[in-house]
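Asks: Read in my numbering, the sequence shown has 133 at position 18, and its numbers run on one by one without any break. For every residue, glycine included, the Cβ atom is placed at its ideal position computed from N, Cα and C. Let me begin by handing over the structure; questions about it come next.
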Amino acid sequence: MLLYVGMENGFGYVVEAYFFNSFRSSWGAYAVSLYWSAMALSRLLSSTVSSNLYVQLKIRFTAITLVYIVLALSTSPVLSLILCALIGFSFGPIWSFIMALAIRNYPEKTASVTGLISSGCGLGGVLFPILMQLVPLGKGFVLLAAAALAAGVCIVFAARQDRAMLYIAKN
C-alpha cells in the first residue's frame with residue numbers, strides 16, 4: 116500500500132507541472148479531474164469482481180507501468196489527457212482488492228492487517244512527495260512507472276506465497 120498511495124499521490128504531484136512544462140498548457144487540472152473521475156468509475160465497476168484478485172492486480176499494475184511510460188514519452192496533450200484517465204481507471208480498485216485479499220488471508224487478524232495497511236498508506240503519502248521533489252523535472256512519470264513495476268513484482272510474490280500456503284494447508 117505504501118507504493119500504491121505513493122503513486123496515487125505522486126501522480127497529482129507531477130501532472131500539472133508535466134502539462135505546463137511539456138505543452139505550455141494549463142490542462143493539468145483537467146488531467147487530475149479525469150484521473151479521479153476514471154478512478155471513481157473503475158471502483159464502481161469493479162465492485163462486482165470478487166475472484167482472481169491477484170490476476171486483476173497484476174493486470175492493473177502492468178497497465179499502470181506501461182501507461183506511465185507512454186505518458187512520459189507523449190508529445191500530444193490530448194493523448195496525455197486520455198492516458199491520465201487510463202491511469203486513474205487502472206488505479207481504481209487496487210485499494211479494495213488488496214483489502215479483500217488481506218481480510219480473506221488473515222480473517223483472525225483483521226485489525227492488525229488493516230492497521231499495517233493503513234500505516235503503509237501513511238508512509239506512502241509521506242515518502243513519495245519527498246521522492247518526487249528529488250526527481251528531476253520531467254522524470255516523475257518514470258519514477259511512478261518504476262514504482263508500479265515494483266508493486267506488480269510484489270503482487271507476483273504475494274500470489275506465489277498464497278499458493279504455497281494453500282498447498283501446505285491441504286497436505
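Nearest by alpha-carbon distance to Ile184: which of Gly253, Leu281, Ser141 and Ile270 is it?
Replies: Here residue 184 corresponds to residue number 69 of the sequence shown, with the count starting at 1. Closest option to Ile184, Cα to Cα, is Gly253.
Asks: What does the Cβ neighbour count give for Ile247, buried or exposed, with the cut at 16 atoms within 10 Å?
Replies: Translated into the one-based positions of the sequence shown, residue 247 becomes position 132. Here the sequence assigns Met to residue 247, which means Ile is not the residue at that position. The residue in question, Met247, is buried, as its Cβ has 16 or more Cβ neighbours within 10 Å.
Asks: Measure how close the beta-carbons of Gly207 and Arg158 come, nearest whole angstrom, since I'm counting them as under 8 Å.
Replies: Locating residue 207 in the sequence shown gives position 92, counting from the first residue. Locating residue 158 in the sequence shown gives position 43, counting from the first residue. Confirmed, Cβ separation roughly 5 Å.
Asks: Pairing CB atoms from the region 131 to 147 with CB atoms from the region 260 to 280, are three or more of them under 8 Å?
Replies: Counting Cβ pairs under 8 Å, fewer than three are found: no touch.
Asks: Taking one C-beta from the region 162 to 174 and one from the region 122 to 130 each time, how about it: are there three or more such pairs within less than 8 Å?
Replies: The region 162 to 174 vs the region 122 to 130: no contact.
Asks: Compare the beta carbon distance of Leu149 and Leu196 with 8 Å and say whether it is the shorter of the two.
Replies: What you label residue 149 is simply residue 34 of the sequence shown in a count that begins at 1. What you label residue 196 is simply residue 81 of the sequence shown in a count that begins at 1. In contact: Leu149 and Leu196 (Cβ atoms closer than 8 Å).
Asks: Who are the near neighbours of Leu117 in its chain, counting only those whose CB is closer than 8 Å to its CB and skipping five residues on each side?
Replies: One-based indexing of the sequence shown puts residue 117 at position 2. Around Leu117: Gly235, Cys236, Leu238, Gly239 and Leu242.
Asks: Tell me whether Arg278 is buried or exposed, calling it buried when 16 or more other Cβ atoms sit within 10 Å of its Cβ.
Replies: Translated into the one-based positions of the sequence shown, residue 278 becomes position 163. Looking at its Cβ environment, which holds fewer than 16 other Cβ atoms inside 10 Å, Arg278 is exposed.
Asks: Could you check which residue in Gly255, Ala153 and Cys269 has the C-alpha nearest to that of Glu131?
Replies: The residue given as residue 131 occupies position 16 in the sequence shown. Out of Gly255, Ala153 and Cys269, Gly255 has the C-alpha closest to the C-alpha of Glu131.
Asks: Go to Val130, then tell me how far its alpha helix (DSSP H) extends in each direction, as first and last residue.
Replies: Residue 130 sits at position 15 when you count from the first residue of the sequence shown. Note, Val130: alpha helix (DSSP H), Leu117 to Phe138.
Asks: Could you check the C-alpha separation between Leu198 and Thr225 for me, to the nearest Å?
Replies: Here the question's residue 198 lines up with position 83 in the sequence shown. Here the question's residue 225 lines up with position 110 in the sequence shown. Distance between the alpha carbons of Leu198 and Thr225 is about 36 Å.
Asks: I'd like the list of long-range same chain contacts for Pro192, defined as Cβ closer than 6 Å, with 5 residues on each side in sequence excluded.
Replies: As a working note, residue 192 is residue 77 in the sequence shown. These residues qualify, in order along the chain: Phe138, Ser140 and Trp142.
Asks: Between Gly267 and Thr180, which are expected to be in contact by the criterion C-beta below 8 Å, what is the C-beta distance as a whole number of angstroms?
Replies: Locating residue 267 in the sequence shown gives position 152, where the first residue counts as 1. Locating residue 180 in the sequence shown gives position 65, where the first residue counts as 1. Rounded, the Cβ-Cβ distance is 7 Å, consistent with contact.
Asks: Along the chain, which unbroken stretches of the alpha helix (DSSP H) at least 4 residues long are found entirely within the region 176 to 239?
Replies: With a minimum length of 4 residues, the continuous alpha helix (DSSP H) runs that stay inside the region 176 to 239 are 192 to 206 and 209 to 220.
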